Amino acid sequence: MSNVERKKLPFSSGEPGDLHYCQWIPEHPVAWLHIMHGMSEHAIRYAEFAEFLNTQGIMVTANDHRGHGETGKAMKNSYHIAESDGWNQMLDDQWQFINHIREHHSLPLILMGHSMGSFMATHFCQRYGQQLKDITDHKLCGLILSGSNYEPPATWKIATFAARIERWRVGGQKPSTILEKMSFGAFNNAFKPARTPSDWLSRDHSRVDQYLDDPLCGGPLTTQSWYDFLTGMGELSKPESMAKMDKKVPIYLFSGSLDPVGKAGTGVMALQKILQESGVRKVDMLLYPEARHETLNETNREDVYQDVLSWLASLKSEV
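This is the structure in structure tokens:
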């Protein structure tokens, strides 16, 4: 039975609205893992993984980002992150959230992000890394990136230009079929004949069906949300931004070898390479053969859980 607590916290920007979040707290926590979820999904989808980590004494938190999950539902405009500057507002929400949790728990912190959340976690570390170092009881001890990728700034500049055009064409609060096709249109190509439009997520049919049946999953972002996201991607991918990563914080990359977001592994390897070139001392990577985008929901997810746990155990010298 799930031991999740559902709570909410006012937005960091001070505007009306709350950040809805979940926390899974074991009886005697020894570390804290905070998860940043991906695009068009929400925090409670990580419950099984969180409960597994709880058995090992690891507290887990995850919030629904603006425009997503219960946060988006309460905003009455799901998949619309903000009228402007939504990416930066989501990053600021994470900083506020971490400071809120540390008022109640003094534990070593590990950040984890999946897909869009992996990019958020990376950008967050670039922006708030020094502040985290200054918090002696909550220094960042590790960073885990799932289903991630790396593209050079020029790629994001082109994509941002397309989003700007679509925002002008259809309006900032509406989705764009063109942007959706540009982003996800080819993701199922490697899995034809496809059973569903979302076969690229996992080989586990039941997990794909759960995603498709979830009213809080799979919706299209508005053009303004795409514009803000792509602008953020362009910023975090710059060499000077990558150079801001804390060189002493270990990083663990894991993905499916057939994940289209990570370009079947090549994008994940590119991410490892640029992190290493930026001076990060320890960047571990694991690609799961034949696995797809959501490795935490894959047919071999128990192995994935154990591998994450093993990597966390390797941080004991840090925590």
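Residues in the sequence shown are numbered consecutively from 0, following the working numbering. For glycine and all other residues, C-beta sits at the position ideal for the given N, C-alpha and C. Keep in mind it's a predicted model, so treat the numbers as computed, not measured.
Using the DSSP secondary-structure output, state which residues sit across from His19 in a beta bridge. Along the sequence shown, read from residue 1 onward, the residue named residue 19 stands at position 20. Beta-bridge analysis with DSSP links His19 to Lys7.
Cβ of Ile109 within 8 Å of Cβ of Gly146? Here residue 109 is taken as the residue at index 110 of the sequence shown, counted from 1. Here residue 146 is taken as the residue at index 147 of the sequence shown, counted from 1. Against a cut-off of 8 Å, the Cβ pair of Gly146 and Ile109 comes out as no contact.
Between the stretch 218-230 and the stretch 158-169, do three or more beta carbon pairs fall short of 8 Å? Output reads yes: the stretch 158-169 touches the stretch 218-230.
Which value, in whole angstroms, describes the spacing of the CA atoms of Glu179 and Pro219? Taking the sequence shown and counting its residues from 1, the one referred to as residue 179 is at position 180. Taking the sequence shown and counting its residues from 1, the one referred to as residue 219 is at position 220. Rounded to the nearest angstrom, the gap between the Cα atoms of Glu179 and Pro219 is 7 Å.
Check each candidate in Gly13, Ala290, Leu314 and name the one with the smallest Cα separation from Ala189. In the sequence shown, the residue the question calls residue 189 occupies position 190. Considering only alpha carbons, the answer is Ala290.
Arg166 to Asn187, Cα distance in whole Å? Indexing the sequence shown from 1 puts residue 166 at position 167. Indexing the sequence shown from 1 puts residue 187 at position 188. Going by C-alpha positions, Arg166 is about 26 Å away from Asn187.
Among Pro25, Thr195, Asp212, Leu286, whose alpha-carbon lies nearest the alpha-carbon of Arg44? Here the question's residue 44 lines up with position 45 in the sequence shown. When C-alpha distances from Arg44 are compared across Pro25, Thr195, Asp212, Leu286, the shortest belongs to Asp212.
Are the beta-carbon atoms belonging to Gly71 and Tyr78 less than 8 Å from one another? Stepping through the sequence shown from its first residue, residue 71 is reached at position 72. Stepping through the sequence shown from its first residue, residue 78 is reached at position 79. Going by C-beta atoms, Gly71 is nearer than 8 Å to Tyr78.
Please report the residue range of the beta strand (DSSP E) in which Ala153 lies. Residue 153 sits at position 154 when you count from the first residue of the sequence shown. Careful: Ala153 lies outside any beta strand (DSSP E), inside the alpha helix (DSSP H) at 152-169.
Only counting the same chain, and skipping five residues up and downstream in sequence, which positions put a Cβ closer than 7 Å to that of Pro288? Along the sequence shown, one-based indexing puts residue 288 at 289. Correct list, in chain order: Ser256.
Are the stretch 241-258 and the stretch 87-99 touching, with three or more C-beta to C-beta distances below 8 Å? Output reads no: the stretch 87-99 does not touch the stretch 241-258.
Can you give the Cα-Cα distance for Ala49 and Ile164, rounded to whole angstroms? Translated into positions along the sequence shown, residue 49 becomes position 50. Translated into positions along the sequence shown, residue 164 becomes position 165. Answer to the nearest angstrom: the Cα atoms are 40 Å apart.
Can you give, in chain order, each stretch of the alpha helix (DSSP H) that sits fully within the stretch 256-289 and has at least 4 residues? The qualifying runs are 265-276.
Give the single residue among Gly171, Ser201, Thr154 whose Cα lies nearest to the Cα of Met181. Taking the sequence shown and counting its residues from 1, the one referred to as residue 181 is at position 182. With distances taken between CA atoms, Met181 lies nearest to Thr154 out of Gly171, Ser201, Thr154.
In the DSSP output, which residue or residues are listed as bridge partners for Met35? For the purposes of this step, residue 35 is taken as the residue at position 36 of the sequence shown. BP columns for Met35 point to Asn62, Gly112.
Classify Val303 as buried or exposed, calling it buried when 16 or more other Cβ atoms lie within 10 Å of its own Cβ. On the sequence shown, residue 303 is found 304 positions in, with the first residue counted as 1. When all chains shown are included, Val303 counts as buried.
Give the straight-line distance between the Cα atoms of Thr60 and His33, rounded to the nearest whole angstrom. Counted from its first residue, the sequence shown places residue 60 at position 61. Counted from its first residue, the sequence shown places residue 33 at position 34. C-alpha of Thr60 to C-alpha of His33: approximately 5 Å in a straight line.
Taking 8 Å as the cut-off, does the stretch 267-275 touch the stretch 7-23 (at least 3 CB pairs, one atom from each stretch)? Proximity of the stretch 7-23 to the stretch 267-275 falls short of the contact definition, fewer than three beta-carbon pairs being nearer than 8 Å.
Exposed unless 16 or more other CB atoms sit within 10 angstroms - verdict on Pro15: Residue numbering aside, residue 15 sits at position 16 when the sequence shown is read from its first letter. An exposed status is given to Pro15, since fewer than 16 other beta-carbon atoms sit within 10 Å of its beta-carbon.
Where Asn2 falls, given that 16 or more other Cβ within 10 Å makes a residue buried: Position 3 of the sequence shown, counted from the first residue, corresponds to residue 2. When all chains shown are included, Asn2 counts as exposed.
Among the candidates Leu285, Thr121, Lys7, Val248, whose CA atom is the shortest distance from the CA of Gln95? Numbered from its first residue, the sequence shown carries residue 95 at position 96. Checked all of Leu285, Thr121, Lys7, Val248; the closest Cα to Gln95 is Lys7.
Local conformation of Gly141 per DSSP, three classes: Reading the sequence shown from its first residue, position 142 is the one you call residue 141. In this structure, Gly141 counts as strand in the three-state DSSP scheme.
Give the range of the alpha helix (DSSP H) segment to which Tyr226 is assigned. Within the sequence shown, numbered from 1, the residue matching residue 226 stands at position 227. First-last of the alpha helix (DSSP H) with Tyr226: 222-235.
How many Å lie between Lys247 and Trp31 at the Cα? Here the question's residue 247 lines up with position 248 in the sequence shown. Here the question's residue 31 lines up with position 32 in the sequence shown. Going by C-alpha positions, Lys247 is about 19 Å away from Trp31.
Please say whether Gly112 and Leu90 have beta carbons closer to each other than 8 Å? Walking along the sequence shown from the start, residue 90 turns up at place 91. Walking along the sequence shown from the start, residue 112 turns up at place 113. Leu90 is not a Cβ neighbour of Gly112, given a cutoff of 8 Å.
Express the C-alpha separation of Thr121 and Tyr210 in angstroms, rounding to a whole number. Start at 1 with the first residue of the sequence shown, and residue 210 comes out as number 211. Start at 1 with the first residue of the sequence shown, and residue 121 comes out as number 122. Between the C-alpha atoms of Tyr210 and Thr121 there is a straight-line separation of about 25 Å.
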